[in-house]
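Participant: This is the structure I want to talk about, given as C-alpha cells.
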Amino acid sequence: MLGWRCLIPLAIHMMDLVVFLVQREGVFFISGDVHFGEIARYNCAAGYPLYDITSSGLTQAVSPPLRFIARILAWLTPAIMRVKDKSCRYRSCTYGQPNFGTIEINWDSDPVDLKFHVRDEKGLPVSALKSHYQNSKAKR
Numbered sequence: 001m002l003g004w005r006c007l008i009p010l011a012i013h014m015m016d017l018v019v020f021l022v023q024r025e026g027v028f029f030i031s032g033d034v035h036f037g038e039i040a041r042y043n044c045a046a047g048y049p050l051y052d053i054t055s056s057g058l059t060q061a062v063s064p065p066l067r068f069i070a071r072i073l074a075w076l077t078p079a080i081m082r083v084k085d086k087s088c089r090y091r092s093c094t095y096g097q098p099n100f101g102t103i104e105i106n107w108d109s110d111p112v113d114l115k116f117h118v119r120d121e122k123g124l125p126v127s128a129l130k131s132h133y134q135n136s137k138a139k140r
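Written as C-alpha cells, this is what we have:
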C-alpha cells in the first residue's frame with residue numbers, strides 16, 4: 001500500500017496543470033485542518049509564484065509531546081518555499097500551536113491589496129503575506 005506522501009508530487013503537478021489550463025493570474029490556495037499554520041510559495045509553470053496559505057483553527061494544534069519533533073522536522077525540510085519576512089516570528093515559519101487565518105482585501109485600492117495572516121491564540125500574526133491583485137476586473 002502506498003502512503004499519502006507518494007501523492008504529494010502528483011498533487012503539486014495537478015495544481016500546476018489546473019492553474020496553467022485555466023489561464024488565471026493571482027491564484028492563492030487556502031487550506032487548513034492540518035494542525036499547523038504556514039505560508040508557502042511555489043514557483044511553478046504558472047509564470048508567477050503561487051501561494052498556499054494554511055491555518056487550522058483554535059481547537060487544533062500539534063500535540064504538546066510532538067511539538068519539539070514537529071519543529072525539528074519543519075526546520076529540516078526545505079525552507080525554499082516558505083515565505084520568510086520580518087512578520088514571521090518563528091524561524092521555520094511553520095507554526096504548530098493553536099492558530100487561525102485571516103484574509104484582508106482592500107477593494108478600494110488599485111491594484112487591490114491582499115493581506116494574509118496566520119495568527120496565534122491572541123490574534124497576533126505569526127506569519128504574513130502582502131500581495132496585490134493587478135486585474136482591473138476584480139469584483140467583490
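With the first letter of the sequence shown counted as 1, position 83 gets the number 83 in my numbering; the numbers rise by one all the way through.
Yeah, the Cβ is synthetic: ideal placement off N, Cα and C, and Gly gets one too.
Report the three-state DSSP secondary structure of Phe28 (helix, strand or coil).
Facilitator: Counting from one through the sequence shown, the residue named residue 28 turns up at place 28. Strand, per DSSP.
Participant: For Gln134 and Asp33, I'd like the C-alpha separation in whole angstroms.
Facilitator: Counting from 1 along the sequence shown, the entry for residue 134 is found at position 134. Counting from 1 along the sequence shown, the entry for residue 33 is found at position 33. One C-alpha to the other measures close to 30 angstroms.
Participant: Using CA coordinates, which residue listed in Tyr95, Gln60, Gly47 is at the minimum distance from Asp16?
Facilitator: Along the sequence shown, read from residue 1 onward, the residue named residue 16 stands at position 16. That would be Gly47, whose Cα lies nearest to the Cα of Asp16.
Participant: Relative to the C-alpha of His35, which candidate in Val62, Pro125, Phe100, Phe68 has its C-alpha closest?
Facilitator: Stepping through the sequence shown from its first residue, residue 35 is reached at position 35. The candidate whose alpha carbon is nearest that of His35 is Val62.
Participant: For Val19, does the three-state DSSP call read helix, strand or coil?
Facilitator: Sequence index remark: in the sequence shown, residue 19 carries index 19 (1-based). Val19: helix per DSSP, three-state reduction.
Participant: For Glu104, is the classification buried or exposed, using 16 other Cβ atoms within 10 angstroms of its Cβ as the cut-off for buried?
Facilitator: As a working note, residue 104 is residue 104 in the sequence shown. Glu104 is exposed by the Cβ-count criterion.
Participant: Quick check: what's the CA-CA separation for His13 versus Glu38?
Facilitator: Taking the first residue of the sequence shown as position 1, residue 13 is located at position 13. Taking the first residue of the sequence shown as position 1, residue 38 is located at position 38. Cα-Cα distance, rounded: 20 angstroms.
Participant: Can you tell which of Arg24, Gln23, Asp52 has its C-alpha closest to the C-alpha of Ala223?
Facilitator: Residue 223 is absent from the model: the chain starts at 1 and stops at 140.
Participant: By alpha-carbon positions, which one of Ala40, Lys115, Arg119 ends up nearest to Leu50?
Facilitator: One-based indexing of the sequence shown puts residue 50 at position 50. Nearest of Ala40, Lys115, Arg119 to Leu50, Cα basis: Ala40.
Participant: Return helix, strand or coil for Ala40, following the three-state DSSP convention.
Facilitator: Within the sequence shown, the letter at position 40 stands for residue 40. Ala40 falls in the strand class under three-state DSSP.
Participant: Is it buried or exposed, His132, if we count other Cβ atoms within 10 angstroms and call 16 or more buried?
Facilitator: The residue given as residue 132 occupies position 132 in the sequence shown. Exposed: under 16 other Cβ atoms inside 10 Å.
Participant: When the Cα atoms are used, what is the spatial distance from Arg89 to Ala128?
Facilitator: Taking the sequence shown and counting its residues from 1, one reaches residue 89 at position 89. Taking the sequence shown and counting its residues from 1, one reaches residue 128 at position 128. Its pLDDT being 49, under 50, Arg89 is placed unreliably in this model, and the value from its coordinates should be taken loosely. If I take the Cα positions, the gap works out to 10 angstroms.
Participant: When DSSP labels each residue in this structure, what does His132 get in the three-state scheme?
Facilitator: Locating residue 132 in the sequence shown gives position 132, counting from the first residue. Of the three classes helix, strand and coil, the one that applies to His132 here is strand, per DSSP.
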